[in-house]
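*Asks:* Take the sequence shown: its letter number 147 is residue 151 in this note's numbering, and every next letter is one higher.
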Amino acid sequence: MASESLHVIALISGGKDSFFNLLHCVRHGHRVVALANLFPAVDGPADAPEDVQFVDPARQMIPADQDGKPGERDLNSFMYQTVGHEVVPLYAAATGLPLYRQPIRGGALRHERDYDDSSAERQGDPAGADETESMLLLLGAVKARHPEANALCSGAILSTYQRTRVESVARRLGLTPLAYLWKYPVLPPPANEAADETRLLRDMSAAGLDARIIKVASAGLDEGHLWERASSVEGANRVRGALKKFGAAEGAALGEGGEFETIVLDGPSWLFGKKIHVPERGRRVVNEGGGSTWLMLRGARLQDKPANADDADTGPESSVRIPDLLDSTFQAILDTLPNTRLAEEGGEEGSRAPTPQILANGLSIAPEEDGDLLRWSVLAEPCADRTSIEAEMRSVVGQVRRLALSSSLDADQIVHATIVLRNMADFPKINSEYGKLFARPNPPSRVTISCGRLLPPGHNVMVFLAAPRPGVNLHRNGLHVQSRSYWAPANIGPYSQAIDVAASAKPELVGLRAVHVAGQIPLIPASMVLPPPSGARREMQIALALQHLWRIGLEMRVQVWTSAVAYFAKAQSPDAMKRNAQAAGLAWRLAHGSPEDDEDDENELDPWDLRHNPQHMSLGGDQRGARARLPDWSVFTRRQQNEPESCIPPFFAAEVEELPRQSTVEWHAHAGLSQIEESSVEVVCHPETASSRWRAWHVLVRAADSTLMYTTLAHVPSPGRQSNGWDALRQDLSASYAGSVRALGLAPPVPCPTPHLAYVEATDVTSQWPEVGGAGPSVPFATVPCHTIWSAKGERVKCVAMYKMVLGHPPQE
Numbered sequence: 005m006a007s008e009s010l011h012v013i014a015l016i017s018g019g020k021d022s023f024f025n026l027l028h029c030v031r032h033g034h035r036v037v038a039l040a041n042l043f044p045a046v047d048g049p050a051d052a053p054e055d056v057q058f059v060d061p062a063r064q065m066i067p068a069d070q071d072g073k074p075g076e077r078d079l080n081s082f083m084y085q086t087v088g089h090e091v092v093p094l095y096a097a098a099t100g101l102p103l104y105r106q107p108i109r110g111g112a113l114r115h116e117r118d119y120d121d122s123s124a125e126r127q128g129d130p131a132g133a134d135e136t137e138s139m140l141l142l143l144g145a146v147k148a149r150h151p152e153a154n155a156l157c158s159g160a161i162l163s164t165y166q167r168t169r170v171e172s173v174a175r176r177l178g179l180t181p182l183a184y185l186w187k188y189p190v191l192p193p194p195a196n197e198a199a200d201e202t203r204l205l206r207d208m209s210a211a212g213l214d215a216r217i218i219k220v221a222s223a224g225l226d227e228g229h230l231w232e233r234a235s236s237v238e239g240a241n242r243v244r245g246a247l248k249k250f251g252a253a254e255g256a257a258l259g260e261g262g263e264f265e266t267i268v269l270d271g272p273s274w275l276f277g278k279k280i281h282v283p284e285r286g287r288r289v290v291n292e293g294g295g296s297t298w299l300m301l302r303g304a305r306l307q308d309k310p311a312n313a314d315d316a317d318t319g320p321e322s323s324v325r326i327p328d329l330l331d332s333t334f335q336a337i338l339d340t341l342p343n344t345r346l347a348e349e350g351g352e353e354g355s356r357a358p359t360p361q362i363l364a365n366g367l368s369i370a371p372e373e374d375g376d377l378l379r380w381s382v383l384a385e386p387c388a389d390r391t392s393i394e395a396e397m398r399s400v401v402g403q404v405r406r407l408a409l410s411s412s413l414d415a416d417q418i419v420h421a422t423i424v425l426r427n428m429a430d431f432p433k434i435n436s437e438y439g440k441l442f443a444r445p446n447p448p449s450r451v452t453i454s455c456g457r458l459l460p461p462g463h464n465v466m467v468f469l470a471a472p473r474p475g476v477n478l479h480r481n482g483l484h485v486q487s488r489s490y491w492a493p494a495n496i497g498p499y500s501q502a503i504d505v506a507a508s509a510k511p512e513l514v515g516l517r518a519v520h521v522a523g524q525i526p527l528i529p530a531s532m533v534l535p536p537p538s539g540a541r542r543e544m545q546i547a548l549a550l551q552h553l554w555r556i557g558l559e560m561r562v563q564v565w566t567s568a569v570a571y572f573a574k575a576q577s578p579d580a581m582k583r584n585a586q587a588a589g590l591a592w593r594l595a596h597g598s599p600e601d602d603e604d605d606e607n608e609l610d611p612w613d614l615r616h617n618p619q620h621m622s623l624g625g626d627q628r629g630a631r632a633r634l635p636d637w638s639v640f641t642r643r644q645q646n647e648p649e650s651c652i653p654p655f656f657a658a659e660v661e662e663l664p665r666q667s668t669v670e671w672h673a674h675a676g677l678s679q680i681e682e683s684s685v686e687v688v689c690h691p692e693t694a695s696s697r698w699r700a701w702h703v704l705v706r707a708a709d710s711t712l713m714y715t716t717l718a719h720v721p722s723p724g725r726q727s728n729g730w731d732a733l734r735q736d737l738s739a740s741y742a743g744s745v746r747a748l749g750l751a752p753p754v755p756c757p758t759p760h761l762a763y764v765e766a767t768d769v770t771s772q773w774p775e776v777g778g779a780g781p782s783v784p785f786a787t788v789p790c791h792t793i794w795s796a797k798g799e800r801v802k803c804v805a806m807y808k809m810v811l812g813h814p815p816q817e
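1) Suppose only complete runs of 3+ residues qualify. What are the beta strand (DSSP E) ranges in the stretch 180-241, listed by chain order?
2) Give me, in chain order, the residues of the same chain whose beta-carbon lies closer than 8 Å to that of R473; leave out the 5 immediate sequence neighbours on both sides.
3) Measure the beta-carbon distance from P445 to H484 and round it to whole angstroms, keeping in mind my assumption that it falls under 8 Å.
4) For G482, does the three-state DSSP call read helix, strand or coil?
5) Should the stretch 180-189 be regarded as contacting the stretch 226-245, the criterion being three or more beta carbon pairs within less than 8 Å?
6) From Q576 to T86, what distance separates their C-alpha atoms?
7) How many Å lie between L614 and K248 at the Cα?
8) Under three-state DSSP, which class holds E90?
9) Looking at L383 and R426, is the spacing between their C-beta atoms short of 9 Å?
10) Are the stretch 439-458 and the stretch 136-150 touching by the rule of at least three beta carbon pairs closer than 8 Å?
11) Please list the terminal residues of the continuous alpha helix (DSSP H) segment that includes L458.
12) Is it the case that the Cβ atoms of A573 and V451 are separated by a distance below 9 Å?
13) In three-state terms, what does DSSP make of T452?
14) Can you tell me whether M713 is helix, strand or coil according to DSSP?
15) Would you check whether the ligand GDP has a heavy atom nearer than 8 Å to the C-beta of E171?
16) Specify the secondary structure class of W730 as computed by DSSP and reduced to three states.
17) Could you tell me whether the stretch 13-20 touches the stretch 254-271, where touching means 3 or more Cβ pairs closer than 8 Å?
18) Name the DSSP beta bridge partners of S296, please?
19) Can you tell me which of the three DSSP states T266 falls into?
20) If you drop the 5 nearest sequence neighbours on each side, which residues of the same chain put their C-beta closer than 8 Å to that of A240?
21) Quick check on A580: does DSSP put it in helix, strand or coil?
22) Report, in whole angstroms, the separation of the C-beta atoms of Y104 and A155, which I expect to be a contact under 8 Å.
23) Out of curiosity, what's the CA-to-CA distance linking V783 and Y741?
24) With three or more C-beta pairs closer than 8 Å as the rule, is the stretch 528-543 touching the stretch 675-686?
25) Look at the alpha carbon of H760 and the alpha carbon of E292, and state the distance between them as a whole number of angstroms.
26) With respect to the beta strand (DSSP E) encompassing F468, which residues constitute its N-terminal and C-terminal limits?
27) Figure out for me which residue from D339, L733 and L26 has the closest Cα to the Cα of L213.
28) Tell me whether E152 sits in a helix, a strand or coil according to DSSP, three-state version.
29) Considering Cα atoms alone, identify which of S567, D579, L441 and W592 is closest to L717.
30) Which residue comes first and which comes last in the beta strand (DSSP E) that contains N41?
31) Touching or not, the stretch 270-279 and the stretch 291-311, by the rule of three or more beta carbon pairs under 8 Å?
32) Please classify R488: does DSSP put it in a helix, a strand, or coil?
33) Would the beta-carbon of D121 fall within 9 Å of that of R176?
34) Report the rounded CA-to-CA distance for Y165 versus P189, giving the unit in angstroms.
35) Where does C29 fall in DSSP's three states?
36) According to DSSP, what are the bridge partners of K692?
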């Protein structure tokens with residue numbers, strides 16, 4: 005399915021990033037209908053609304069303030085580049101696009117990283133609002149003049165502060181946010197070229213963008229760098245060489261930390277019909293103090309560009325590089341999947357079990373199970389109106405609100421949600437009702453699947469939720485990227501890519517973080533459509549969706565996954581589903597790599613190069629060693645690092661009815677762990693025995709006085725085994741969990757805990773949902789009914805259950 009062509013308002017500052025993102029919009033076939041710019045008022049932020057200024061591209065406008073008295077101090081806005089604003093009116097005639105401008109009103113009143121547009125302070129006098137709201141007024145006026153506009157592009161690269169504010173305004177105006185430069189530094193470089201922190205500047209140069217440095221604010225950059233062409237190989241090398249002397253943060257070479265700012269004078273002829281010239285006498289240096297120096301630009305004029313046949317024949321398709329869809333790791337996985345003979349039943353397991361090790365360290369099981377999170381399973385009430393899916397979902401939402409209120413919580417504190425539908429076609433209808441639960445930034449991460457007729461009779465939706473217990477301070481952190489980019493799919497809706505909370509309320513484990521990631525389907529991030537059909541369609545979707553999971557995990561500093569499931573839409577046959585499971589299991593194993601992969605990364609360059617060669621020296625002295633790795637092999641015990649196959653967390657595949665967007669696969673990692681101490685993680689696997697067909701994995705994370713334990717139980721039944729009811733399943737789960745705990749050398753808890761999540765083959769138990777006192781079906785714990793379940797090597801599995809426990813010292817007598 006091809007992506008639709010959008011009608012774009014380009015938010016520009018005059019700087020390199022906003023214009024380069026505009027070039028990418030054109031590269032993707034979108035039509036730019038107008039430029040929009042916010043500039044500083046003559047005497048500082050405006051106190052009252054002012055009319056939007058329209059700059060007609062048909063006439064060359066001489067910037068009005070060049071004959072006035074421009075300020076001697078840059079506004080230094082948190083949100084907008086304002087230095088060089090004197091030149092901006094010339095962009096209309098230079099590009100042939102209408103330009104709309106408005107003074108910035110208000111100041112940076114909201115300093116939070118994630119912008120909350122529901123704040124009551126903006127309901128009163130607009131002049132007292134945060135400066136972000138100036139954008140809303142300007143773009144609202146532009147949209148009134150161009151009602152066809154349905155998208156907004158901006159130049160965010162690494163700044164969540166800027167991106168979330170642009171996304172807030174775009175959402176309120178019904179505009180699709182486009183940020184193709186988002187996370188550009190981590191995207192694949194051109195073929196046969198090494199990754200380089202200045203890659204973006206080099207790509208700008210290749211596209212013909214002429215961006216000059218007009219402000220420096222770094223100990224590494226000084227007045228001598230002003231008017232340097234940053235968008236050139238030479239300029240990029242000079243910037244990097246200056247910054248590395250003092251060490252710098254991620255993105256410094258791109259000016260992401262305010263190290264420098266630029267003004268665009270020219271671009272490819274398919275966008276810039278004329279170029280901007282600023283005479284040398286019109287470039288006056290202003291020393292602002294505190295290391296900040298900038299150029300005041302006077303006398304800027306447009307100049308005709310010489311006719312160039314080669315340039316005229318060059319269009320966006322050849323001059324604007326689109327990064328490869330898959331990076332080298334996941335391209336290798338894709339190349340491997342179709343060419344590898346997948347394991348037959350009885351072949352090598354995707355995660356090889358080490359020799360079980362008894363925990364002879366005096367630990368016992370703490371009395372509480374998953375004591376930091378509440379788990380809610382919600383169906384519509386028996387008396388609820390279920391004549392429409394909207395009415396049924398309103399009943400579910402009402403119950404969620406009451407559950408939160410009874411626990412002294414706000415719905416915005418929910419960490420993760422799993423939504424199980426009867427019909428995937430109902431998703432847009434339930435989504436609008438579900439979204440009403442959340443008013444603040446970073447709604448919970450979410451998995452959505454359809455299980456068809458496997459749901460309880462008379463019900464069309466089930467919702468499983470995790471929320472913090474009252475009084476437990478989990479300090480929530482979220483990732484909610486709503487812009488289209490090349491990085492990972494946008495989440496344009498009431499769910500975040502990931503929510504990060506404390507993994508336990510235990511004081512000794514409080515530093516450990518648990519990252520709850522949304523389900524990942526294989527959308528192409530830049531277009532938000534599935535890859536085109538091909539001979540390796542299944543393999544492509546498996547690799548791409550898994551890359552999305554990995555990129556989000558790396559962004560959230562995940563070091564270890566606890567377990568994962570790959571959901572597959574209903575297959576044509578059991579053999580087809582078995583092949584799906586084997587392919588996904590192989591991809592899961594390959595994505596984990598081995599400790600040698602990290603050593604190869606460190607040894608790609610000679611140590612002399614890393615210390616002395618300007619082409620390879622890192623900007624920050626310890627950045628290379630501090631970069632995120634997934635998995636981070638240093639957190640495993642030395643014993644397990646020598647057996648890397650034993651470190652791979654458990655994986656299984658679940659066959660459901662349908663997935664969002666009619667995708668083939670949806671990856672879901674149950675939790676990612678971060679801020680783990682070195683040599684503190686062990687994965688212990690207990691294979692099934694003749695007396696018990698349950699296989700157990702324990703992911704153990706040790707702290708000073710406690711150990712956090714994530715357990716996965718999988719039931720591989722004997723041939724011809726008969727189905728069980730719910731009571732038998734629960735008894736079987738309790739006995740099996742107790743047995744797996746004993747195998748660790750621990751006394752099992754009494755009573756045994758219930759799982760916080762289970763996957764059950766429908767023909768085994770879930771065809772009969774338990775009734776509670778005639779009040780309708782009950783879901784005793786979060787349960788996903790599946791057509792079939794499979795191990796990584798293609799075994800049929802009847803049930804998989806997930807537990808989380810804290811092991812602590814036994815109480816003193």
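Note that the Cβ used here is the ideal one computed from N, Cα and C, for glycine as well.
*Replies:* The relevant details are as follows:
1) 180-182 and 214-220
2) G375, D376, L377, L378, S411 and A509.
3) 6 Å
4) strand
5) no
6) 59 Å
7) The predicted position of L614 is uncertain, since its pLDDT is 41 and thus under 50; a value taken from the coordinates is nonetheless stated next. So the two alpha carbons sit approximately 12 Å from each other.
8) helix
9) The answer is no: Cβ separation not under 9 Å.
10) Too few Cβ pairs lie closer than 8 Å, so no.
11) Here L458 belongs to no alpha helix (DSSP H), and DSSP marks it neither H nor E.
12) No, Cβ-Cβ distance for A573 and V451 is not below 9 Å.
13) In the three-state reduction of the DSSP assignment, T452 falls in the strand class.
14) strand
15) For the structure depicted, the ligand GDP is absent and the ligand set is empty, with no information on it obtainable.
16) Correct three-state label for W730: helix.
17) At 8 Å Cβ cutoff, the stretches touch.
18) G293
19) For T266, the secondary structure class from DSSP, reduced to helix, strand or coil, is strand.
20) T202, L205, R206, S209, A234 and A257, listed in sequence order.
21) helix
22) So it is not a contact: roughly 16 Å between Cβ atoms.
23) 20 Å
24) no
25) Their backbone Cα atoms lie some 58 Å apart in a straight line.
26) V465 to P472
27) L26
28) coil
29) S567
30) Run containing N41: R35 to F43, per the beta strand (DSSP E) assignment.
31) At 8 Å Cβ cutoff, the stretches touch.
32) strand
33) Cβ distance < 9 Å, so D121 and R176 count as in contact.
34) 18 Å
35) It is helical.
36) Sequence check: residue 692 is Glu here, not Lys. Per DSSP, none; premise fails for E692.
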